[in-house]
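For reference, the structure is listed below as structure tokens.
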Amino acid sequence: MNINIYKTSLVKTESPEIDFKFQTPHSFSIKTSGGFAQFRGMYKGVYRTCRDGKVYIDLSGLNLSLQVDLTRSDDGKKFIPKISNCEFSVNEIFIEMKRPLFPQATDSFKKIFLDYLSKEMCKFAETYATKIGEKFQESLENSPISLKELELHKFDSTLIREPILDKNNLFFALNGKFGEKEENERSRVEVSSFKGMHL
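Letter by letter, the sequence shown follows residues 1 to 199 of the UniProt record's numbering.
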């Protein structure tokens, strides 16, 4: 039986807990746990005859695990954050189809939906990592440090503490040292995690 799901939308969500940990001076991990999400959609099943209906999907325990590496371009002028590892799973998934199909179809749909959701979550993480890099770059361009100085001194972009999540804002603190004799400069980058980005 072929099953197509369409017009799927998120109708309710409860944010999971988010935990940040250092991995290296230039990388950190993000892990989520808990949380809840409800989706609604339509399905079309084809096996000898066509059957249309609605699908209800409840997910609990949204577990996203990824590592972000704060890499630099070869000339040292740009930040290029990269996702080196990304995994997504859920603790429980409940699916109800109205009109109901046979159990094998429901099990098959569970796998298809979780595979799709995992790819979308990791795609979102990659997009967000790119935005973090853009904000780092913007903060440097608005600082007294010139791109020439940035290239010559190899601005120290190591993290000096773990990222901090406060409400909808994500804070990063970089070492900021860009020379051996100069006083250390501290750079703080503020990233809004869901409602856009600002400094």
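Even for Gly, the Cβ is constructed at its ideal location relative to N, Cα and C.
Everything numeric in this text was worked out from a predicted model, so none of it was measured.
Residues near residue i by beta carbon distance below 7 Å, same chain, minus five either side
i      : result
SER27  : GLN67, VAL68, ASP69 and LEU70
LYS21  : PHE28, SER29 and GLU162
GLY133 : PHE79, ILE80 and PRO81
Contact belief for residue i with residue j at Cβ below 8 Å, rounded distance in angstroms
i      : j      : result
ARG129 : PRO163 : Note that residue 129 is Ala in the sequence shown here, rather than Arg. That pair is no contact at about 12 Å.
LYS44  : ASN4   : 5 Å
ASN63  : SER33  : 6 Å
GLY53  : LYS98  : 5 Å
LEU159 : PHE171 : Wrong, their Cβ atoms sit about 11 Å apart, outside the cutoff.
ILE57  : PHE39  : 4 Å
LEU59  : ILE93  : 5 Å
Close Cβ partners of residue i (< 6 Å) along its chain, the five nearest in sequence each way excluded
i      : result
THR106 : ILE95
GLY196 : Low confidence applies here, because GLY196 scores a pLDDT of 38, under 50, leaving its location unreliable and the question unanswered by this model.
LEU165 : ILE18
SER65  : LYS31 and GLU87
THR8   : PHE39 and GLY41
Cβ neighbour criterion (16 or more within 10 Å) applied to residue i
i      : result
TYR47  : exposed
LYS135 : buried
LEU10  : exposed
GLU42  : Reading the sequence as shown, one finds Met at residue 42 and not Glu. Answer is exposed; the Cβ neighbour count stays below 16.
ILE112 : exposed
PHE102 : exposed
PHE124 : exposed
Contacts around residue i, its chain only, beta-carbon distance under 8 Å, and the 5 residues preceding and following it disregarded
i      : result
SER15  : GLY35
ASN2   : GLY45, VAL46 and TYR47
GLN23  : SER29 and GLN67
ARG6   : Correcting the residue identity first, residue 6 is Tyr in this sequence and not Arg. Closer than 8 Å at the Cβ level, and outside the excluded window around TYR6, lie GLY41, MET42, TYR43 and LYS44.
MET121 : LEU64, CYS86 and PHE88
contact_flag[the region 87-94, the region 48-55] where n(CB pairs < 8 Å) is 3 or more: no
Start-end ranges of the beta strand (DSSP E) lying completely within the region 6-35, minimum 3 residues: 17-24 and 27-33
Completely contained beta strand (DSSP E) runs for the region 63-119, where each covers 3 or more residues: Entirely contained in the region 63-119, the beta strand (DSSP E) runs reaching 3 residues are, in chain order, 79-98.
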